[in-house]
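A.B. asks: Chains as they are written, first to last, in UniProt numbering: chain A, 1 to 108; chain B, 1 to 108. Take a look at this one; I'll ask things after.
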DNA sequence: CGTGTAAGGAATTCTGACACG
DNA sequence: CGTGTAAGGAATTCTGACACG
């Protein structure tokens, strides 16, 4: 039901050069969006960035917004709101789960 | 019905170093299995290998077979047989499709 | 046969900075 | 603000070869 945690799409395995190919963005742009806290690649022991397919998709969205004149700061605010919404939903679900555990529930 | 051609799992985007981490195999092993025609990474313009998640999964299977004493040549024969089987199935389907087109068919 | 390793070179990536605006 | 670029260095990858067995 929830997203598969071992999902390939979320695995950080793509180098910045490939991401650049995939998105059409320059490496400069990709690194800058990280600086502005819009993407969060992992690092190899040697310090190279590794992105997931989800990151790649988000980078394209970010680039589109910027093309529309949205500033990185605003994009970041949107992202924070999104995150909050998801957290609230998760919280609601958890409460629900606790209630179900406490008072029982028929699953079907 | 068929595998999504734009599937992430099949995109060749992973460098050999990451594949090595993911599989636990040495880069030497990974390159050798390519030499023996068991995996087929793509190349960047610069000549670096790029693997897909499917490749990664297959590499693990290959390594397991080798551990069991199977030789690369035999593994390759198995792969060829597999491919033939798939081709036959595809062929059968195509014939079926042609028959359906020729004489009509109720889909449900 | 399958794998480790040292060797030398080429491609990739990194950071900090200057530039334009 | 967002992006290009030249700069110097470090990490990554490549190939062909020798070694063991």
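From the three backbone atoms N, C-alpha and C, an ideal C-beta is built for every residue, glycine too.
Under 8 angstroms Cβ to Cβ from residue 40 of chain B, same chain only, skipping five residues before and after it: list those, please.
C.D. replies: As a first step, residue 40 of chain B must be located in the second chain, where it is residue number 40. The answer, listed in chain order, is 34 and 55.
A.B. asks: Taking only the alpha-carbon atoms, compute the straight-line gap between residue 86 of chain A and residue 74 of chain A and give it to the nearest angstrom.
C.D. replies: Residue numbering aside, residue 86 of chain A sits at position 86 when the first chain is read from its first letter. Residue numbering aside, residue 74 of chain A sits at position 74 when the first chain is read from its first letter. Approximately 19 angstroms between the Cα atoms of the pair.
A.B. asks: Roughly how many whole angstroms lie between the Cα atoms of residue 38 of chain A and residue 77 of chain A?
C.D. replies: Here residue 38 of chain A is taken as the residue at index 38 of the first chain, counted from 1. Here residue 77 of chain A is taken as the residue at index 77 of the first chain, counted from 1. One C-alpha to the other measures close to 10 angstroms.
A.B. asks: Since I believe residue 70 of chain A is in contact with residue 23 of chain A (beta carbons under 8 angstroms), could you give me their beta-carbon distance rounded to a whole number of angstroms?
C.D. replies: In the first chain, counting from the first residue as 1, residue 23 of chain A sits at position 23. In the first chain, counting from the first residue as 1, residue 70 of chain A sits at position 70. Not confirmed; about 17 angstroms, so no contact.
A.B. asks: On the criterion of 16 or more Cβ atoms from any shown chain inside 10 Å, does residue 98 of chain A qualify as buried, or is it exposed?
C.D. replies: The residue labelled residue 98 of chain A in the question sits at position 98 within the first chain. Answer is exposed; the Cβ neighbour count stays below 16.
A.B. asks: Whose Cβ in chain B lies nearer than 8 angstroms to the Cβ of residue 14 of chain A?
C.D. replies: The count along the first chain starts at 1 and reaches residue 14 of chain A at position 14. What residue 14 of chain A touches in chain B: 13 and 14.
A.B. asks: Report the rounded CA-to-CA distance for residue 44 of chain A versus residue 16 of chain B, giving the unit in angstroms.
C.D. replies: Within the first chain, residue 44 of chain A is the residue found at index 44, counting from 1. Within the second chain, residue 16 of chain B is the residue found at index 16, counting from 1. Each residue's alpha carbon lies about 13 angstroms from the other.
A.B. asks: Please list the terminal residues of the continuous alpha helix (DSSP H) segment that includes residue 85 of chain A.
C.D. replies: The count along the first chain starts at 1 and reaches residue 85 of chain A at position 85. It spans 72-103 - the alpha helix (DSSP H) in which residue 85 of chain A sits, taken as one unbroken run.
A.B. asks: If we call anything under 8 angstroms between Cβ atoms a contact, is residue 83 of chain B one with residue 51 of chain B?
C.D. replies: The residue you call residue 83 of chain B lines up with position 83 of the second chain. The residue you call residue 51 of chain B lines up with position 51 of the second chain. Not closer than 8 angstroms, so no.
A.B. asks: When the cut-off is 8 angstroms and only beta carbons count, does residue 9 of chain A lie next to chain B?
C.D. replies: Position 9 of the first chain holds residue 9 of chain A. Chain B, which has a Cβ nearer than 8 angstroms to the Cβ of residue 9 of chain A, makes this yes.
A.B. asks: So residue 53 of chain B contacts chain A; which residues on that side make the cut at Cβ distance below 9 angstroms?
C.D. replies: Residue mapping note: residue 53 of chain B aligns to position 53 of the second chain, counting from 1. Here the neighbours are 8, 11 and 13.
A.B. asks: Determine the chain B residues that contact residue 30 of chain A at a beta-carbon separation under 9 angstroms, and present them in chain order.
C.D. replies: Taking the first residue of the first chain as 1, we reach residue 30 of chain A at position 30. Going along chain B, no residue has its Cβ under 9 angstroms from residue 30 of chain A, so there is no contact; the nearest lies around 14 angstroms.
A.B. asks: When you compare the CB of residue 50 of chain A with every CB in chain B, is at least one pair closer than 8 angstroms?
C.D. replies: Here residue 50 of chain A refers to the residue found at position 50 when the first chain is read from its first residue. Output row for residue 50 of chain A: interface = yes.
A.B. asks: Short of 7 angstroms in beta carbon distance, which residues of its chain neighbour residue 30 of chain A, apart from the five on each side in sequence? Order them along the chain.
C.D. replies: Taking the first residue of the first chain as 1, we reach residue 30 of chain A at position 30. The residues are 16, 19, 20 and 59.
A.B. asks: Please identify the residue among A:32, A:101, A:25 and A:14 whose C-alpha is closest to the C-alpha of residue 64 of chain A.
C.D. replies: Here residue 64 of chain A corresponds to residue number 64 of the first chain, with the count starting at 1. Among A:32, A:101, A:25 and A:14, the Cα nearest to that of residue 64 of chain A is on A:25.
A.B. asks: Can you give me the Cβ contacts of residue 10 of chain B inside the same chain, cut-off strictly under 7 angstroms, excluding the 5 residues immediately before and after it?
C.D. replies: In the second chain, counting from the first residue as 1, residue 10 of chain B sits at position 10. Around residue 10 of chain B: 52 and 54.
A.B. asks: In whole angstroms, give me the CA-to-CA distance for residue 2 of chain A and residue 89 of chain A.
C.D. replies: Taking the first chain and counting its residues from 1, the one referred to as residue 2 of chain A is at position 2. Taking the first chain and counting its residues from 1, the one referred to as residue 89 of chain A is at position 89. Note that residue 2 of chain A scores a pLDDT of 47, beneath 50, so its modelled location is shaky; the value from the coordinates is reported in the next line. Approximately 12 angstroms between the Cα atoms of the pair.
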